[in-house]
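Protein chains in written order, with this note's numbering: chain A, 123 to 511; chain B, 370 to 761. Heads up, the beta-carbon is just placed ideally off N, CA and C, and yes, glycines get one too.
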Amino acid sequence: MYQTSAASNVIEPFYINIPQSALDDLKHRLEWTRWPERETVSNWKQGVPLAKAQALINYWRLHYDWRRFENRINKLSNFRTTIDGIGIHFIHVKSKHANALPILLTHGWPGSFIEFLRIIPLLTDPTVYGGKAEDAFHVVIPSLPGYGFSDKPTETEWNTVRIAKTWVVLMERLGYNNWVAQGGDWGADVATILGYMRPQGLLGIHLNLQFVFPEKEPDNPSHDEQRAIEGANYYLSDGWGFFQEQGTRPQTIGYGLCDSPVALATWIYEKFHEWTDNKGDPEDALGIDDMLDNITLYWLTNTGASSARLFWERRAIGISLSGPELDLPVAVSVFPYEVFRAPKSWAQQKYSNLIYWNELEKGGHFAAFEQPELFAKELRAAFRALRNT
Amino acid sequence: MSTSETQATSNPIEPFHVNIPQSALDDLKLRLDLVRWPERETVTDWSQGVPLAKARALIDYWRTKYDWRRFESEINKLPHFRTTIDGLGIHFIHVKSKHENALPLLLTHGWPGSFIEFIRTIPLLTDPTAFGGKAEDAFHVVIPSLPGYAFSDKPTETGWNIERIAKAWIVLMERLDYKHWVAQGGDWGAVITTILGQIHPPGLLAIHLNLPIVFPEKIPETLSHDEQRAVDAANKFSTDGSGYSQEHSTRPQTIGYALCDSPVALAMWIYEKFYEWTDNNGNPEDALEHDEMLDNITLYWMTNTGASSVRLYWERRRTGGVRFLGPKLDLPVAASIFPREIYRAPKSWAEQKYSNLIYWKEHEKGGHFAAFQHPELFTDDLRAAFRTIRRT
């Protein structure tokens, strides 16, 4: 779909220009949605309630404007470059402050680069937003392989380890000798792997999801530890279906996610309900246009199957909430509505150099998306100690 | 779909005919023409799910060659009925044998199956002498559709779990005036039939299972070869083969949107099991024909039962979870073990659960959809299994 020179090191500007026919096709499909009967409960316990799904599809059909979003992101600096045979899309915004710290932000599933859009100016241009020049960042936001405007892998082994190595090449190619990495969801996995690899140039990482479970559950967990155990247990028993399906049969679920906008939308919207800090509605946490920007990105790039395939790849090399021990500087922000809240005691066991720890009062799994100002402040505070003045 | 008016007050049994409006068939065809495909899998087998080439071939066949009216005419030759039980319209096929002393047999399907799985067994069971069998082995056959499946109604409230379905089946057999009967099932049908065995209503003489639910509470340290094989199979299912089940059990409405809006989503969700759970040499078509697989898939599509059918898993999880543990049963139990079933129940464990195991047969061929794939073998087993149960 996208032409990118396979010649090494070429970085090409990229503009998003979805053909009108694709937008028309989406509209038709939305009009033809064939609905199931409603759920037999009066809450979200069987998944997205019919009334919510219909409201979302109606809005998408009648009010949502992709071109608005397209214009907005085309004002940012988008690029593509080929690394390890795959065209990687990324946003790259340099701060006007020359000594800004380069930061690599990695999204997850069902997210995208979109989650970080609002924090870009906060990070690159802090003085405009009540911050200090010394806290400025140069920002790099790639799309994972199989997501957004990156290419879809055509061979196996495009797991988060390979992605981490790709990101190292990306930062080198951008000429960054000292940089930090940040991530949540799959991005946290990638950032953790980067932290374990400790490539030349990586000064430290920030995580809003931490793989700090001990190998063996403690005999006498503290209150915080017990809360984390319960959070994880609940997730693994009740909230794990999508993960199991995507981790074992990404192609099978992919057919629905690529053929049916409502299938894709509700598959994602469900997580906007389950994993955000809300009062019962995803719209409490995220604007409907924001959510549909993200969903429509998945739809128009036809990445329903390819994004699921990452789960299969990760499962192939083993996945665990008990991640590696890290020696490099690690900064942690714990948001209350994350899938589980990591206890500081466990983080201290895994991260021998825990340079920053904060537990917030608001926000969930999509931390940057839900709380851009809080998130930007976290990153400024987290990395202050690592900057060279 | 033509549905008779079914009155809740007087509980009549009303004949039923399948008549899908042409607009629904045209709509399906349009959707099949407009399928938007993912890229192909990155492997060269089924380990990421249905391969793209197989999916395209099935959709192509469905689009250009499959004939629903053929199937509709065929099944309308059978006697279909609907009756309201416990507030829900239940569809069933009821074929009486010409042999008066035939044994009434209740056959319960599962997911992603339907009454269709049993169609070829009906004449074999009801009219054995026409097929080299004996009059003494004749059955009257009752094949209901589970609530939320096929032409049964979709429950609108919670609580339509396995136990409630079993009780509805008891009412059904009473309403059909059967004083003595036997029950058979695989998949959800095996769970329901097991519960029937546990309830042991007065009329129920015996049950037959092609998926015995016999795992012990605690897996012993030392296992025989057969027991180890069953444990390994169950573990493999749990780690690799149960994604669909976890989604069904926790988010039936969410996956339901895909299964109701997209024929390819529904078809692949089902077709995958026709590959994984049948006795085949690498293709579902080794085990089942295109037309019969599509009869079943199209039935789910036309009745828009993608969400309602999987809601049963959610109900099961609330009352007991989808596990392979089962209760102990005292009534006569018969079992047929097919090699490509999800796991092969070991006889040792069946003997622990079933104090009166009257029949046990291990086959060389066949899988989860036992009746669908091998109607003759299946019928032979039912005849043999229930021979000792019949009253002369």
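In this structure, alanine 719/B sits near tryptophan 729/B, with a CB-CB distance shorter than 9 angstroms. At a cut-off of 9 angstroms between C-beta atoms, proline 372/A counts as an interface residue with respect to chain B. The segment 530-540 of chain B and the segment 495-504 of chain B do not touch, with fewer than three beta-carbon pairs separated by less than 8 angstroms.
The DSSP-derived three-state label of alanine 222/A is coil. Shown here, glutamate 616/B sits in a helix according to DSSP, grouped into three states.
When DSSP states are grouped into helix, strand and coil, arginine 194/A belongs to the helix group.
Boundaries of the beta strand (DSSP E) harbouring alanine 704/B: 702-706, taken from the DSSP string. Under the Cβ distance rule, tryptophan 529/B counts among the residues neighbouring chain A, one pair being separated by less than 9 angstroms. With a cutoff of 9 angstroms on beta-carbon distance, valine 404/B and valine 633/B are scored as near each other. Of Ser593/B, Met542/B, Ser611/B, Leu668/B, the smallest CA-CA separation from leucine 574/B is found for Met542/B.
When Cβ-Cβ separations below 9 angstroms define contact, arginine 436/A makes no contact with chain B.
Interface residue (Cβ-Cβ distance to chain B less than 9 angstroms): phenylalanine 364/A is classified as such. Against threonine 155/A, the close residues of chain B are Asp630, in the order they occur along the chain (beta-carbon pairs closer than 7 angstroms). At a cut-off of 9 angstroms between beta carbons, asparagine 400/A makes no contact with chain B. Against asparagine 424/A, the close residues of chain B are Arg405, Trp406, Pro407, Glu408, in the order they occur along the chain (beta-carbon pairs closer than 9 angstroms).
In the pairwise beta carbon analysis, the segment 748-755 of chain B is classified as not touching the segment 660-669 of chain B: fewer than three pairs are separated by under 8 angstroms. Across the structure, phenylalanine 741/B and threonine 563/B are spaced so that their CA atoms are roughly 20 angstroms apart. The beta carbon of serine 428/A sits closer than 9 angstroms to some beta carbon of chain B.
Each residue's CA atom was taken as its position, placing isoleucine 241/A and tryptophan 389/A some 26 angstroms apart. Annotation: the continuous beta strand (DSSP E) that includes valine 464/B extends over 457-464. Contact check for leucine 457/B against tryptophan 529/B passes: the beta carbons are separated by less than 9 angstroms.
Burial state of lysine 197/A is exposed, judged by a 10 Å Cβ sphere holding fewer than 16 other Cβ atoms.
A straight line joining the alpha-carbon of glycine 612/B with that of arginine 151/A spans about 27 angstroms.
Among the residues facing chain A, alanine 422/B is not included, as its CB has no counterpart in that chain under 9 angstroms away. Closer than 9 angstroms to the CB of tryptophan 389/A there is at least one CB belonging to chain B. If the five residues before and after alanine 222/A are omitted, its C-beta is found closer than 8 angstroms to the C-beta atoms of Lys216, Thr246, Ala258, Phe259, His260, all from its own chain and listed in chain order.
If you check the CB distance, alanine 469/A and tryptophan 421/A do not come in under 9 angstroms. Between leucine 292/A and leucine 508/A, the gap from beta carbon to beta carbon reaches 9 angstroms or more. Listed along chain B are Pro407, Gly418, each with a C-beta nearer than 8 angstroms to that of glycine 376/A. Counting C-beta atoms within 10 angstroms of its own C-beta, serine 428/A has 16 or more neighbours from the protein chains shown and is therefore classed as buried. Listed in chain order, the non-local C-beta contacts of alanine 144/A below 7 angstroms within the same chain comprise Leu422, local neighbours out to five positions each way being set aside.
In the DSSP assignment, glycine 326/A falls within the unbroken beta strand (DSSP E) covering 324-329.
Only those residues of the segment 144-168 of chain A whose C-beta falls short of 7 angstroms from the nearest C-beta of chain B are listed: Thr155, Arg156, Trp157, Pro158, Glu159, Glu161, Thr162, Val163, Gln168. Lysine 730/B is bridged by DSSP to Ser705/B. By the rule that beta-carbons nearer than 9 angstroms mark a contact, threonine 278/A touches chain B. Straight-line spacing of the CA atoms in proline 390/B and leucine 668/B works out to 13 angstroms.
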